[in-house]
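*Asks:* Have a look at this one before I ask anything.
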Amino acid sequence: MIQELKEYYSAHFEPELMEEINNVAVLMDVPEGQDVMKPGQYITSMPLVLSGSIKIMRPDNEGEQLLLYHLEKGDTCAMTLSCCLGNTKSEIHAVTETNTKLLMIPIGKMEAWSSTYKTWRNFVFASYHSRMMELLESIDNIAFNNMDERLENYLADKIKILNSKHIYITHKEIASDLHTSRVVVSRLLKKMENNHSIRLHRSFIEVL
36 MIQELKEYYS
46 AHFEPELMEE
56 INNVAVLMDV
66 PEGQDVMKPG
76 QYITSMPLVL
86 SGSIKIMRPD
96 NEGEQLLLYH
106 LEKGDTCAMT
116 LSCCLGNTKS
126 EIHAVTETNT
136 KLLMIPIGKM
146 EAWSSTYKTW
156 RNFVFASYHS
166 RMMELLESID
176 NIAFNNMDER
186 LENYLADKIK
196 ILNSKHIYIT
206 HKEIASDLHT
216 SRVVVSRLLK
226 KMENNHSIRL
236 HRSFIEVL
């Protein structure tokens, strides 16, 4: 059995379901910065994240993208679940933020397992709930927080995801995720540095 599957999911799923997942799922090692899902793409498999991180973004009509939430170990994507069950095209863009290991499960198994295995059904419902809470948090962040607070929250999330206070990212990439301009991000980062909460280096941001 796939070791990462056994280590994480054996506490969540029945042995019979574990065996089925092991038999039909495709293990993928996806390097950092690779597309996992593109807008307009039909979804044929549902990803389970075994390790690493994926950022889920929503593109607009002008080609800009807004960060919605992250997927980490043990997560799956509610948007993917909806597309799989409805046979509709993806409306999100999923990109690996770190080197990521995925299990890709054929969509044909999803409905069958929901009928057969209570633990799978509970997992799907819990995944919907978790992603919805993260979406609401993102909406609240945009609606009620100023850009200073959004940037601070963004860096705090990065620390958790990367498990490091050294964040290797460009000002342009941060601006894209927060749907603002690079100039605004650079100004706010400089302000944070002057307040001694971060230190700006040539290729990374150090959170103090």
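In our numbering, the protein residues as written are 36 to 243.
For each residue, glycine too, the CB sits at the ideal point set by N, CA and C.
It should be emphasised that the depicted structure is a prediction, and the values quoted were computed from it without experimental measurement.
Where residue 214 and residue 208 are concerned, what is the direct C-alpha to C-alpha distance, given to the nearest angstrom?
*Replies:* Looking up residue 214 in the sequence shown gives position 179. Looking up residue 208 in the sequence shown gives position 173. Near 10 Å, if we compare the C-alpha coordinates of residue 208 and residue 214.
*Asks:* Could you give the C-beta distance for residue 131 and residue 87, rounded to a whole number, given that I count them as a contact under 8 Å?
*Replies:* Translated into positions along the sequence shown, residue 131 becomes position 96. Translated into positions along the sequence shown, residue 87 becomes position 52. Contact flag correct, Cβ pair sits at about 6 Å.
*Asks:* Do residue 52 and residue 85 have their beta-carbon atoms positioned less than 8 Å apart in this structure?
*Replies:* Working through the sequence shown from its first residue, we reach residue 85 at position 50. Working through the sequence shown from its first residue, we reach residue 52 at position 17. Result no, Cβ atoms of residue 85 and residue 52 do not sit closer than 8 Å.
*Asks:* Below 6 Å CB to CB, which residues in the same chain sit around residue 66 once its five sequence neighbours on both sides are set aside?
*Replies:* Against the sequence shown, residue 66 aligns to sequence position 31. These residues qualify, in order along the chain: 134.
*Asks:* Which first and last residues belong to the beta strand (DSSP E) in which residue 64 is found?
*Replies:* Counting from 1 along the sequence shown, the entry for residue 64 is found at position 29. That run of the beta strand (DSSP E) goes 61-65.
*Asks:* Would you mind giving the Cβ-Cβ distance between residue 206 and residue 224, rounded to the nearest angstrom? I have them listed as a contact below 8 Å.
*Replies:* The sequence position of residue 206 within the sequence shown is 171, counting from 1. The sequence position of residue 224 within the sequence shown is 189, counting from 1. So it is a contact: roughly 7 Å between Cβ atoms.
*Asks:* In the DSSP output, what is residue 84 paired with across the bridge?
*Replies:* Residue numbering aside, residue 84 sits at position 49 when the sequence shown is read from its first letter. BP columns for residue 84 point to 137.
*Asks:* If contacts are defined as beta-carbon pairs under 8 Å, then residue 127 and residue 72 qualify, I think. What distance do you get, rounded to the angstrom?
*Replies:* As a position in the sequence shown, residue 127 is number 92, starting the count at 1. As a position in the sequence shown, residue 72 is number 37, starting the count at 1. 7 Å between Cβ atoms; contact.
*Asks:* Since I believe residue 173 is in contact with residue 103 (beta carbons under 8 Å), could you give me their beta-carbon distance rounded to a whole number of angstroms?
*Replies:* Counting from one through the sequence shown, the residue named residue 103 turns up at place 68. Counting from one through the sequence shown, the residue named residue 173 turns up at place 138. Confirmed, Cβ separation roughly 6 Å.
*Asks:* Out of 82, 54 and 49, which one is the CA nearest neighbour of residue 63?
*Replies:* Within the sequence shown, the letter at position 28 stands for residue 63. Taking only the C-alpha atoms, the option nearest residue 63 is 82.
*Asks:* Which word fits residue 160, buried or exposed, when buried means at least 16 other C-beta atoms lie within 10 angstroms of its C-beta?
*Replies:* Taking the sequence shown and counting its residues from 1, one reaches residue 160 at position 125. Its Cβ having fewer than 16 others within 10 Å, residue 160 is exposed.
*Asks:* Can you check DSSP and say which residues form a bridge with residue 94?
*Replies:* Reading the sequence shown from its first residue, position 59 is the one you call residue 94. Per DSSP, 100.
*Asks:* May I ask you to report which of helix, strand or coil DSSP gives residue 215?
*Replies:* To locate residue 215, count along the sequence shown from 1; it is residue 180. Looking at residue 215 - three-state DSSP - the assignment turns out to be coil, as it is neither helix nor strand.
*Asks:* For residue 212, count neighbouring C-beta atoms within 10 Å of its own C-beta (all shown protein chains included) and say buried if the count is 16 or more, exposed if not.
*Replies:* The residue you call residue 212 lines up with position 177 of the sequence shown. That one is buried.
*Asks:* Go to residue 241, then tell me how far its alpha helix (DSSP H) extends in each direction, as first and last residue.
*Replies:* Taking the first residue of the sequence shown as 1, we reach residue 241 at position 206. Counting along the chain, residue 241 falls outside any alpha helix (DSSP H), though it belongs to the beta strand (DSSP E) covering 240-242.
*Asks:* State the Cα-Cα distance for the pair residue 70 and residue 60, rounded to the nearest angstrom.
*Replies:* For the purposes of this step, residue 70 is taken as residue 35 along the sequence shown, with counting starting at 1. For the purposes of this step, residue 60 is taken as residue 25 along the sequence shown, with counting starting at 1. So the two alpha carbons sit approximately 19 Å from each other.
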